[in-house]
Amino acid sequence: MSLDTDLWWAVARSEEVTSKKPLSVDIGDQPVVLWRDHQGIARALEDRCPHRRAPLSLGCIRDNGLIQCGYHGWSYDGETGRLKEIPNMKDQQKFPPLYKANAFGVSEQAGFVRVCLNPKAEAPLSADPKYGYIGTVNVSCSHQEYLDALYDDPALILAIRGVRFSPYIMSELHEEGGMLVMERSCQWHPLHWPSHFVAEFPLTLLTRTHPLTGETHLTLRDDAFNDLLHAVLSPVPAARGVTAVRWRAELGVRRPGLRGAMLRGVNPLTVLSSIDGSKLRTTKPTVSLHGEDLRNALLDAPQDTHDQTVAA
Amino acid sequence: MLDIADRPASHDDNSAPPAGGSPIAMNVVNRWVPHNIVMRDSWFPVAHDYSVTGKPVRRAVYSNPIFLWRDNGGVVASEFHPNERVVRDKSDYTDARGRYPVMEHYGVVWIWLGNPLAADPRHLPSLPFLPPKGGLPRHMTATVRFESSAPISLENLIDLTHADFLHADVVGDERSDSETIETFYDSETVTMVRTCVNKSVAPVMKFFSGIRQPTQNVRQVIRIYLRSHCAIAYGRFSPGDDVPLFHPCTPETRDRTRMEMVMNTSNAGRMFSYVMPKAGYKVSRQDSYMTSPQSPRYMRHTDRKDLHSKFDQAGQRYRMAMMELADRQAKGDFAYRDNVSADCSDIIGLRKELFQF
Numbered sequence: 023m024s025l026d027t028d029l030w031w032a033v034a035r036s037e038e039v040t041s042k043k044p045l046s047v048d049i050g051d052q053p054v055v056l057w058r059d060h061q062g063i064a065r066a067l068e069d070r071c072p073h074r075r076a077p078l079s080l081g082c083i084r085d086n087g088l089i090q091c092g093y094h095g096w097s098y099d100g101e102t103g104r105l106k107e108i109p110n111m112k113d114q115q116k117f118p119p120l121y122k123a124n125a126f127g128v129s130e131q132a133g134f135v136r137v138c139l140n141p142k143a144e145a146p147l148s149a150d151p152k153y154g155y156i157g158t159v160n161v162s163c164s165h166q167e168y169l170d171a172l173y174d175d176p177a178l179i180l181a182i183r184g185v186r187f188s189p190y191i192m193s194e195l196h197e198e199g200g201m202l203v204m205e206r207s208c209q210w211h212p213l214h215w216p217s218h219f220v221a222e223f224p225l226t227l228l229t230r231t232h233p234l235t236g237e238t239h240l241t242l243r244d245d246a247f248n249d250l251l252h253a254v255l256s257p258v259p260a261a262r263g264v265t266a267v268r269w270r271a272e273l274g275v276r277r278p279g280l281r282g283a284m285l286r287g288v289n290p291l292t293v294l295s296s297i298d299g300s301k302l303r304t305t306k307p308t309v310s311l312h313g314e315d316l317r318n319a320l321l322d323a324p325q326d327t328h329d330q331t332v333a334a
Numbered sequence: 178m179l180d181i182a183d184r185p186a187s188h189d190d191n192s193a194p195p196a197g198g199s200p201i202a203m204n205v206v207n208r209w210v211p212h213n214i215v216m217r218d219s220w221f222p223v224a225h226d227y228s229v230t231g232k233p234v235r236r237a238v239y240s241n242p243i244f245l246w247r248d249n250g251g252v253v254a255s256e257f258h259p260n261e262r263v264v265r266d267k268s269d270y271t272d273a274r275g276r277y278p279v280m281e282h283y284g285v286v287w288i289w290l291g292n293p294l295a296a297d298p299r300h301l302p303s304l305p306f307l308p309p310k311g312g313l314p315r316h317m318t319a320t321v322r323f324e325s326s327a328p329i330s331l332e333n334l335i336d337l338t339h340a341d342f343l344h345a346d347v348v349g350d351e352r353s354d355s356e357t358i359e360t361f362y363d364s365e366t367v368t369m370v371r372t373c374v375n376k377s378v379a380p381v382m383k384f385f386s387g388i389r390q391p392t393q394n395v396r397q398v399i400r401i402y403l404r405s406h407c408a409i410a411y412g413r414f415s416p417g418d419d420v421p422l423f424h425p426c427t428p429e430t431r432d433r434t435r436m437e438m439v440m441n442t443s444n445a446g447r448m449f450s451y452v453m454p455k456a457g458y459k460v461s462r463q464d465s466y467m468t469s470p471q472s473p474r475y476m477r478h479t480d481r482k483d484l485h486s487k488f489d490q491a492g493q494r495y496r497m498a499m500m501e502l503a504d505r506q507a508k509g510d511f512a513y514r515d516n517v518s519a520d521c522s523d524i525i526g527l528r529k530e531l532f533q534f
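Protein sequences, first through last, are from chains A and B. The first sequence maps to residues 23 to 334 in the numbering used here. The second sequence maps to residues 178 to 534 in the numbering used here.
#1: Against chain B, with Cβ distances strictly below 8 Å, would threonine 27(A) count as a contact?
#2: Assuming lysine 508(B) is part of the beta strand (DSSP E), what are its boundary residues?
#3: Name, going along the chain, the residues of the stretch 301 to 326 of chain A whose beta-carbon falls closer than 9 Å to a beta-carbon of chain B.
#4: Three-state secondary structure (DSSP) at glutamine 533(B)?
#5: Leaving out the 5 sequence neighbours to the left and right, which residues in its chain are closer than 8 Å to glutamate 194(A) when beta-carbon positions are compared?
#6: Using a Cβ-Cβ cut-off of less than 9 Å, give me the residues of the stretch 331 to 348 of chain B that come near chain A, in sequence order.
#7: Pick helix, strand or coil for asparagine 213(B), following the three-state DSSP scheme.
#8: Answer with buried or exposed for histidine 344(B), where buried requires no fewer than 16 other C-beta atoms within 10 angstroms of its C-beta.
#9: For valine 229(B), which of helix, strand or coil comes out of DSSP?
#10: Mind checking serine 240(B): buried by the 16 CB within 10 Å criterion, or exposed?
#11: Which of the three DSSP states is assigned to isoleucine 49(A) in this structure?
#12: Just mark aspartate 183(B) as buried or exposed, buried being the case when its beta carbon has 16 or more other beta carbons within 10 Å.
#13: Going along the chain, which unbroken runs of the alpha helix (DSSP H) with 4 or more residues stay wholly within the stretch 315 to 390 of chain B?
#14: Which runs of the alpha helix (DSSP H) at least 4 residues long sit entirely within the stretch 145 to 203 of chain A? Give them in chain order.
#15: If the criterion is Cβ atoms closer than 8 Å, does the pair leucine 290(B) and serine 228(B) meet it?
#16: Alpha carbon to alpha carbon, how far is serine 129(A) from cysteine 208(A)? Give it in angstroms, no decimals.
#17: Roughly how many whole angstroms lie between the Cα atoms of glutamine 166(A) and glycine 279(A)?
#18: Terminal residues of the continuous alpha helix (DSSP H) containing glutamate 314(A)?
#19: Interface residues of chain A around serine 486(B) at Cβ under 7 Å?
#20: Between which residues of its own chain and alanine 132(A) is the CB-CB distance below 6 Å, once the five residues before and five after are set aside?
#21: Can you tell me whether DSSP reads glycine 251(B) as helix, strand or coil?
#22: Can you tell me whether DSSP reads isoleucine 63(A) as helix, strand or coil?
#23: Starting from aspartate 510(B), find everything on chain A with Cβ-Cβ shorter than 9 Å and list it in chain order.
#24: When you compare only the Cα positions, how much space is there between valine 348(B) and alanine 143(A)?
#25: Please list the partners that arginine 74(A) has in chain B, where partner means a Cβ-to-Cβ separation under 7 Å.
#26: From which residue to which residue does the alpha helix (DSSP H) around phenylalanine 414(B) run?
#27: Roughly how many whole angstroms lie between the Cα atoms of alanine 445(B) and glycine 457(B)?
#28: Once the 5 residues before and after threonine 442(B) are set aside, which same chain residues still bring their CB inside 7 Å of it?
#29: Grab me the residues of tyrosine 336(A)'s own chain with a C-beta within less than 6 Å of its C-beta, minus the 5 sequence neighbours each way, in chain order.
#30: Tell me which same chain residues have a C-beta within less than 7 Å of the C-beta of histidine 212(B), skipping the five on either side of it?
#31: Check whether the stretch 37 to 48 of chain A touches the stretch 108 to 121 of chain A, counting contact only when three or more Cβ pairs, one atom from each stretch, lie closer than 8 Å.
#32: Are the CB atoms of arginine 74(A) and aspartate 483(B) nearer to each other than 8 Å?
#33: Could you list which residues in chain A have their beta carbon closer than 9 Å to that of glutamate 351(B), in chain order?
#34: Counting beta carbon pairs with one atom in the stretch 361 to 369 of chain B and one in the stretch 398 to 408 of chain B, are three or more of them shorter than 8 Å?
#35: Residues of the stretch 68 to 92 of chain A with a CB closer than 9 Å to any CB of chain B: list them in chain order, please.
#36: Would a check of beta-carbon distances place proline 194(B) closer than 8 Å to chain A?
Printed below as a string of structure tokens:
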């Protein structure tokens with residue numbers, strides 16, 4: 023899978039990146055190893071030791087913050103990727119610049135660790151808070167198919183306790199500030215009239231999706247325009263056509279009553295780890311068809327219309 | 178003719194090739210594709226002799242089917258099962274009846290893969306620490322598999338510094354007062370000698386041989402027979418035991434390896450002689466932990482060159498020797514330029530007094 027190398031992908035949640043054990047993730051076909059050095063800074067290198075191509079994620083993190091390959095013990099600096107130590111070579115511990123692993127750009131904000139394959143790319147700015155409900159799933163579905171499923175029927179990929187997504191759309195997919203935005207009408211679940219007889223919907227789900235990374239901000243609103251739930255869903259293309267999805271969510275204003283109580287308490291958002299194939303196959307591509315045209319138009323537009331530093 | 182590779186440690190990928198004037202450039206060696214190397218006209222070890230009985234057992238070398246059974250005490254190696262309704266063509270590697278040249282030696286069954294008319298016992302690798310007629314107890318043998326190509330498994334073996342990390346709980350960590358590596362090679366073999374002074378004592382010897390000292394001097398030899406993908410791994414530990422291991426890496430396919438190992442521990446203490454061969458099961462899993470994900474990364478050509486240190490001298494030589502041999506075979510030259518069956522006791526430093534047959 024060929025990807026734009028200047029994109030920032032939310033490949034991990036902050037909690038997943040530790041100084042105890044390296045974390046293996048992918049950006050498309052590019053394996054990446056993540057860890058936190060002795061200063062607590064998240065680091066990302068290609069998950070491939072340049073000595074014998076073993077995955078660095080099978081190694082360990084040393085007290086000095088270097089990552090050490092578990093095969094022959096070569097140790098690398100996370101910021102530059104430079105080789106720093108070879109065991110038993112006490113006589114030589116300075117190595118030519120060629121001796122390095124590929125280093126990637128890393129940015130950590132709002133509880134996500136984002137990686138850019140271009141280490142010189144400017145990191146995005148985010149004013150988002152760090153939401154407390156979290157999760158990670160790996161879905162056997164391509165990145166674009168995953169986003170198309172989100173557009174056409176969110177129930178294929180996620181569930182919000184007490185909420186049913188209707189097929190009726192309040193605002194079709196459109197461009198807004200470089201993002202793909204749409205709003206879907208929802209009902210309280212399980213007691214509700216059939217949605218095709220309903221005059222007024224009590225809830226809407228607003229989604230704002232980055233046209234390239236697919237990172238999506240979800241907002242569940244009631245008919246009084248109260249934000250009941252905020253979530254960030256970050257699908258990243260991974261190896262073998264899998265989409266790795268990290269998400270964070272937080273409840274908004276407290277809604278009184280029984281239905282509001284259904285949202286409260288434990289985490290109300292579930293991101294499904296698999297997609298029902300029979301439902302996916304028979305879900306008509308409606309929004310996604312339009313979305314594809316819109317996305318292509320956005321990508322053809324001048325770069326600043328989808329500037330990730332603003333949008334994401 | 179045995180040459181000595183005393184190439185100085187170098188970090189220059191464009192440096193001159195090691196002594197010996199190889200036509201293979203270092204740049205190519207550092208981008209080798211072992212998956213594409215297929216050797217022929219060689220004896221391959223395919224079974225322990227006790228595994229072959231009247232009932233056919235199935236083996237493979239480079240996916241070529243091999244069925245082994247005994248007929249009147251002798252081993253038959255056929256590319257067809259005796260009950261098979263033959264609907265496929267016979268290969269060029271067998272005689273008119275579809276049978277491979279086969280022989281039993283060192284307690285192992287070997288088949289010749291290549292031109293059947295070229296099969297010659299003189300091309301059988303020398304393993305002077307094993308009784309020629311076999312007969313070692315079964316607890317000194319094991320069958321182990323690797324999910325990697327045979328050359329990757331052998332490169333793993335000859336780069337012994339990996340043992341300090343992957344197998345520290347068996348053979349001890351990397352700490353030693355000094356470490357030297359020498360490499361010897363000819364057109365059919367590569368031999369590496371690693372000498373460590375005051376190395377951390379191997380835990381397996383601490384617990385099962387009663388070694389009380391904190392360190393031991395170690396002389397480890399890895400000798401690889403290139404064509405047959407067989408290796409000798411011979412460790413001399415002082416204080417400690419002499420542990421010679423027959424470590425074949427038979428390429429069942431180009432990316433799966435079978436090892437019919439034999440470790441002659443007949444001179445070691447009773448407990449150690451039973452336990453040490455079993456360590457192969459643990460050590461091989463530790464190796465696979467790295468070689469299994471590593472191997473697919475060597476299936477396709479890449480422009481990116483592997484880096485190396487002075488400890489990789491033997492591994493570099495192994496790659497180069499394999500590529501040279503493969504290059505010769507690709508040109509139709511299958512002749513042996515060096516004698517692999519000549520007694521290698523002196524080369525590996527075998528204490529022959531311990532291994533009299």
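Positions of the beta carbon are idealized from the N, C-alpha and C atoms, including for glycine.
Checking against the coordinates, here is how it stands:
#1: Position 5 of the first sequence holds residue 27(A). No, its Cβ sits nowhere closer than 8 Å to a Cβ of chain B.
#2: Here residue 508(B) refers to the residue found at position 331 when the second sequence is read from its first residue. Where lysine 508(B) is concerned, there is no enclosing beta strand (DSSP E), given that its DSSP letter is neither H nor E.
#3: none
#4: Here residue 533(B) corresponds to residue number 356 of the second sequence, with the count starting at 1. Coil at glutamine 533(B), not helix or strand.
#5: To locate residue 194(A), count along the first sequence from 1; it is residue 172. Excluding positions up to five away in sequence, the list reads Met204, Val309 and His312.
#6: Glu332, Asn333, Asp336, Thr338, His339, Asp341, Phe342 and Leu343
#7: Taking the first residue of the second sequence as position 1, residue 213(B) is located at position 36. The answer is helix: DSSP assigns asparagine 213(B) an H, G or I state.
#8: Position 167 of the second sequence, counting from 1, holds the residue named residue 344(B). So histidine 344(B) ends up on the buried side.
#9: Taking the second sequence and counting its residues from 1, the one referred to as residue 229(B) is at position 52. Note: valine 229(B) maps to coil in three-state DSSP.
#10: Mapped onto the second sequence, residue 240(B) falls at position 63. Counting Cβ neighbours within 10 Å, serine 240(B) comes out exposed, since fewer than 16 surround it.
#11: Your numbering for residue 49(A) matches position 27 in the first sequence. Looking at isoleucine 49(A) - three-state DSSP - the assignment turns out to be strand.
#12: Your numbering for residue 183(B) matches position 6 in the second sequence. Low local confidence applies: a pLDDT of 41 at aspartate 183(B) is under 50, so the model's placement there is unreliable, with the coordinate-based value given in what follows. So aspartate 183(B) ends up on the exposed side.
#13: 327 to 335, 340 to 343, 345 to 348 and 380 to 385
#14: 165 to 174
#15: Residue numbering aside, residue 290(B) sits at position 113 when the second sequence is read from its first letter. Residue numbering aside, residue 228(B) sits at position 51 when the second sequence is read from its first letter. Their beta carbons are not under 8 Å apart, which means leucine 290(B) does not touch serine 228(B) by this criterion.
#16: Taking the first sequence and counting its residues from 1, one reaches residue 208(A) at position 186. Taking the first sequence and counting its residues from 1, one reaches residue 129(A) at position 107. C-alpha separation (whole angstroms): 35 Å.
#17: Within the first sequence, residue 166(A) is the residue found at index 144, counting from 1. Within the first sequence, residue 279(A) is the residue found at index 257, counting from 1. The straight-line gap from Cα to Cα measures roughly 38 Å.
#18: In the first sequence, counting from the first residue as 1, residue 314(A) sits at position 292. It spans 309 to 322 - the alpha helix (DSSP H) in which glutamate 314(A) sits, taken as one unbroken run.
#19: As a first step, residue 486(B) is located in the second sequence; it is residue number 309 there, counting from the start. Per Cβ cutoff of 7 Å: Ile108 and Met111.
#20: For the purposes of this step, residue 132(A) is identified with residue 110 of the first sequence, where counting begins at 1. Answer for alanine 132(A): Ser148, Asp150 and Lys152, listed in chain order.
#21: Counting from 1 along the second sequence, the entry for residue 251(B) is found at position 74. Three-state result, glycine 251(B): strand.
#22: Stepping through the first sequence from its first residue, residue 63(A) is reached at position 41. Isoleucine 63(A) falls in the coil class under three-state DSSP.
#23: Here the question's residue 510(B) lines up with position 333 in the second sequence. Going along chain A, no residue has its Cβ under 9 Å from aspartate 510(B), so there is no contact; the nearest lies around 30 Å.
#24: In the second sequence, the residue the question calls residue 348(B) occupies position 171. In the first sequence, the residue the question calls residue 143(A) occupies position 121. When rounded, the distance between both Cα atoms is 46 Å.
#25: Here the question's residue 74(A) lines up with position 52 in the first sequence. Here the neighbours are Gln471 and Asp483.
#26: Indexing the second sequence from 1 puts residue 414(B) at position 237. It is not in any alpha helix (DSSP H) - phenylalanine 414(B) instead sits in the beta strand (DSSP E) that spans 407 to 415.
#27: Here residue 445(B) refers to the residue found at position 268 when the second sequence is read from its first residue. Here residue 457(B) refers to the residue found at position 280 when the second sequence is read from its first residue. C-alpha separation (whole angstroms): 16 Å.
#28: In the second sequence, residue 442(B) corresponds to position 265, counting from 1. Cβ neighbours of threonine 442(B) beyond the five flanking positions: Met317, Val420, Phe449, Ser450, Met453 and Pro454.
#29: An answer regarding residue 336(A) cannot be provided, because it is not within the stretch 23 to 334 covered by chain A.
#30: For the purposes of this step, residue 212(B) is taken as residue 35 along the second sequence, with counting starting at 1. Hits under 7 Å: Ser326, Arg431, Asp432, Tyr475 and Met476.
#31: no
#32: Taking the first sequence and counting its residues from 1, the one referred to as residue 74(A) is at position 52. Taking the second sequence and counting its residues from 1, the one referred to as residue 483(B) is at position 306. Against a cut-off of 8 Å, the Cβ pair of aspartate 483(B) and arginine 74(A) comes out as a contact.
#33: For the purposes of this step, residue 351(B) is taken as the residue at position 174 of the second sequence. Here the neighbours are Gly95, Pro109 and Asn110.
#34: yes
#35: Arg70, Cys71, Pro72, His73, Arg74, Arg75, Ala76, Pro77, Leu80, Gly81, Gln90, Cys91 and Gly92
#36: Looking up residue 194(B) in the second sequence gives position 17. Because the pLDDT at proline 194(B) is just 43, under 50, the model does not fix this residue reliably, and the value given afterwards should be weighed accordingly. Answer no: the Cβ-Cβ gap between proline 194(B) and chain A never drops below 8 Å.
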